[in-house]
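Below is one structure; the comments refer to it alone.
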Amino acid sequence: AEQCSLIDIRPQATNATVTERAFPQDAISWGTGGFARVGFDITADGNTTNVRTIIASPPFVFGPGTESAVKHFAYKPVFRPGNTLGCTGSTITPHFRVIGR
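Residue numbers (our numbering): 4 to 104.
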């Protein structure tokens with residue numbers, strides 16, 4: 004499972020969007036942007052699990068909203084005989100910008 008992206012077709016997202024709802028209200032009021040690198044695993048049925056912030060800037064600001072968005076991601080299952088394995092170690096790093104300030 005740890006190497007599924009190396010030996011199989013990479014998991015294809017059916018829903019993997021981080022929307023403006025993930026932008027923290029505090030950051031909006033401060034007029035600052037930032038980013039969060041979030042790691043997650045994909046289960047055999049295409050859901051995300053073990054969602055965790057790896058690094059965020061500013062610290063503790065963008066991680067929680069990004070984690071919440073990633074928990075709702077969905078992927079097409081990766082074909083394997085028996086389809087009993089998922090993929091571990093996936094990451095996403097959305098960057099947030101304040102526009103018009």
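Ideal Cβ positions, reconstructed from N, Cα and C, are used throughout, including at glycine.
Alpha-carbon to alpha-carbon, Cys-90 and Ala-4: Sequence index remark: in the sequence shown, residue 4 carries index 1 (1-based). Sequence index remark: in the sequence shown, residue 90 carries index 87 (1-based). Residue confidence is low: Ala-4 scores 48 on pLDDT, short of 50, so the model does not pin down where it sits. No coordinate-derived value is stated.
Residues in the same chain with beta-carbon distance under 6 Å from Thr-101, minus the five sequence neighbours each way, listed in chain order, please. Position 98 of the sequence shown, counted from the first residue, corresponds to residue 101. Looking at the sequence itself, residue 101 is Val, so the reference to Thr does not match. So the qualifying residues of the chain are Gly-34, Gly-36.
For the beta strand (DSSP E) containing Asp-44, list its first residue and its last residue. Here residue 44 is taken as the residue at index 41 of the sequence shown, counted from 1. Secondary structure note for Asp-44: its beta strand (DSSP E) is the uninterrupted segment 37-45.
Exposure of Ser-32, with buried meaning 16 or more beta-carbon neighbours within 10 Å: Reading the sequence shown from its first residue, position 29 is the one you call residue 32. Looking at its Cβ environment, which holds fewer than 16 other Cβ atoms inside 10 Å, Ser-32 is exposed.
Residues near Thr-22 by beta carbon distance below 8 Å, same chain, minus five either side: Residue 22 sits at position 19 when you count from the first residue of the sequence shown. Cβ neighbours of Thr-22 beyond the five flanking positions: Ala-72.
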